[in-house]
Amino acid sequence: MTHDEIRESIPGYALHALAPEDARDVEAHLATCAECQRELGVFEDAAASLAIGFAPEEPPAALRRRVLDAVRSRRRTGALGVGWTAALAAAAALIVVLAGVALSLEQRLGALTARVDSETQALALLADPASRLVTLSGSAGGRVRFVFDPATGRGALVATGLRNPGSDLVYQLWLVAGAAPHSAGVFRPSSGTPVIVAVGADFPRYQAVAISVERGPNGAARPSAAPVLVGKLGGG
Amino acid sequence: MRGSTVSLLNAGDDEALLARVAQADPEAFEALYARYSGPAYSIAMGMLRDTIRAQEVTQDVFLAIWRGARAFDPARGSARTWILSVAHHKSVDAVRRARRSPTVPLSDTIAGDVDVIEEAQARVDAGHVRRALEALSAEQRVALVLAYYGGYTQQEIAQRLGVPLGTIKTRIRDGLLRLRSVLPAPAPETAR
Ligand SMILES: [Zn+2]
């Protein structure tokens, strides 16, 4: 999109009133355009002045403790290296596997860009001491882990050795909050290489990740069967 | 927590606090929490009407501040605007997720029967914001209220009102500029 087209969307962007794909376009342009950055500052100030229109509410005192603890535990995780060694080992193993993948990438680079992005995201998450690593257990075999950063909302499923679900079937990943699972994508196992599914979500809202077998190629709107793999996210 | 840390600071120190948070300074973070948890929680409660979700959003906001403080650029705006913008953004995202969720009856969505304009407008509390909004044309007011307090996208608003998207963009732009001239950005104390 051109500077003029983006400029028209800046006020809506300041109000968070753009569809996600439009917001991404604006962000990409903002990174390179000082004029639009200045303009955004003006509209963000105006938008912020609307905040006083909300009725004043006092947050519960317990929330302060939870927020400070959450921040503190993130710092401690980095310092003590809890989960960090395992994550690094996993990342190192993944890099070895990816080195093999890279050869075939040369031939089909364009089609595989999205996959490379997922792998990059998974690697970054695995290497980040603030990330959490959850191992899914159940009846589908293989080694399936979910790595995520609750603060940035970035996550990735890394699955190896899952058995083939059947020719017309796919694995579908769900984020579970209460009784309402949200689909986070479908995938099929590939022999020898890890399957990586990048997931962006507000992870503290969810209690678990689960995988069910659903009809391909698009999966289901809600799970049609009991999950074959489950991992607790430990959130509220 | 040292309660005195907060009271010794004044509004101009928000940028300094945020710079210290960017260096992972927990005391500065506590001071920012003391100052902005009220406004952030008020935004989340106003938009979500649910104490549990509002707390989740507020926690998200402060984790995002902790993690994102390094991305704050004082040349582009005040710390206060940045923090309130993060709080509004997280609240809007949560409202949209709640509307998408299958547990929310269809009548609560924009396609349903509730008068979304009334509902969004009911969230506007402070008298001076009401008066400032009255300085706008009715069309500008409806567009701004639906976007900021209702959490609807420009496309949804255009669809709802049956006018072209370009018209909504213009109303939002003109409305915000008009608002800016009648409603100066307040100090953080009055934000709650
Ligand atoms: Zn531009």
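In order, the protein sequence lines correspond to chains A and B.
Under this note's numbering, the first residue of the first sequence carries the number 51, and numbering increases by one thereafter.
Under this note's numbering, the first residue of the second sequence carries the number -13, and numbering increases by one thereafter.
In this text, a Cβ means the ideal position worked out from N, Cα and C, and glycines have one as well.
Q. By a C-beta neighbour count over all protein chains shown, 10 Å radius and 16 as the cutoff for buried, is Arg126 (chain A) buried or exposed?
A. Confidence at Arg126 (chain A) is low in this model, with a pLDDT of 39, below 50, so its placement is unreliable and the value that follows should be read with caution. By the neighbour-count rule (16 or more Cβ atoms within 10 Å), Arg126 (chain A) is not buried but exposed.
Q. Between the C-alpha atoms of Gly269 (chain A) and Gln141 (chain B), what's the straight-line distance to the nearest angstrom?
A. Rounded to whole angstroms, the gap between the alpha carbons of Gly269 (chain A) and Gln141 (chain B) is 28 Å.
Q: For Glu120 (chain B), count neighbouring C-beta atoms within 10 Å of its own C-beta (all shown protein chains included) and say buried if the count is 16 or more, exposed if not.
A: Around the beta carbon of Glu120 (chain B), fewer than 16 other beta carbons sit within 10 angstroms, so the residue counts as exposed.
Q.
Which complete beta strand (DSSP E) runs does the segment 176 to 261 of chain A hold, if anything under 3 residues is left out?
A. Here the runs fully enclosed are 182 to 188, 193 to 199, 204 to 210, 219 to 227, 230 to 237, 245 to 250.
Q. Between which two residues does the beta strand (DSSP E) containing Val280 (chain A) stretch?
A. Where Val280 (chain A) is concerned, the enclosing beta strand (DSSP E) stretches over 279 to 282.
Q: Find the residues of chain A that neighbour Thr139 (chain B), judging by a C-beta separation of less than 7 Å, and give them in chain order.
A: Scanning chain A for C-beta atoms nearer than 7 Å to the C-beta of Thr139 (chain B) yields Ala67, Leu68, Ala69, reported in chain order.
Q) According to DSSP, which residues form a beta bridge with Arg267 (chain B)? A) Nothing can be reported for residue 267 (chain B), as the shown portion of chain B is limited to -13 through 178.
Q: Please state if the CB of Arg193 (chain A) and the CB of Val184 (chain A) are separated by a distance shorter than 8 Å.
A: No; because the gap between Cβ atoms is not below 8 Å, this pair is not in contact.
Q: Look at the Cβ atom of Ala133 (chain B), then the Cβ atom of Ala73 (chain A), and state whether they are nearer than 8 Å.
A: Contact flag unset, no.
Q. Who are the near neighbours of Ser77 (chain B) in its chain, counting only those whose CB is closer than 6 Å to its CB and skipping five residues on each side?
A. Correct list, in chain order: Ile29, Ala30, Met33, Val43.
Q.
For Ser167 (chain B), count the other beta carbons within 10 Å of its own beta carbon; 16 or more makes it buried, fewer makes it exposed. Which is it?
A. Exposed, since its Cβ has fewer than 16 Cβ neighbours within 10 Å.
Q. Which residue comes first and which comes last in the alpha helix (DSSP H) that contains Asp160 (chain B)?
A. That run of the alpha helix (DSSP H) goes 151 to 168.
Q. So, are the CB atoms of Leu90 (chain A) and Ile56 (chain A) less than 8 Å apart?
A. In this structure, Leu90 (chain A) keeps its C-beta atom at 8 Å or more from the C-beta atom of Ile56 (chain A).
Q: Report whether the distance from the Cβ of Arg57 (chain A) to the nearest heavy atom of ligand 1 is below 7 Å.
A: The answer is yes for Arg57 (chain A).
Q) Expressed to the nearest angstrom, what Euclidean distance is found between the alpha-carbon atoms of Ala260 (chain A) and Val197 (chain A)? A) Going from the Cα of Ala260 (chain A) to the Cα of Val197 (chain A) covers about 13 Å.
Q: Over the uninterrupted alpha helix (DSSP H) stretch that includes Arg39 (chain B), give me the two end residues.
A: Per DSSP, Arg39 (chain B) belongs to the alpha helix (DSSP H) from 37 to 54.
(Q) For Ala73 (chain B), which residues in the same chain have their Cβ closer than 6 Å to its Cβ, ignoring the five residues on either side in sequence? (A) Its chain contains Ala26, Ile29, Val47 as the residues whose beta carbon lies nearer than 6 Å to that of Ala73 (chain B), once the 5 sequence neighbours on both sides are disregarded; these appear in chain order.
Q: Following the continuous alpha helix (DSSP H) through Leu100 (chain A), name the residue where it begins and the one where it ends.
A: No alpha helix (DSSP H) contains Leu100 (chain A), which DSSP labels as neither H nor E.
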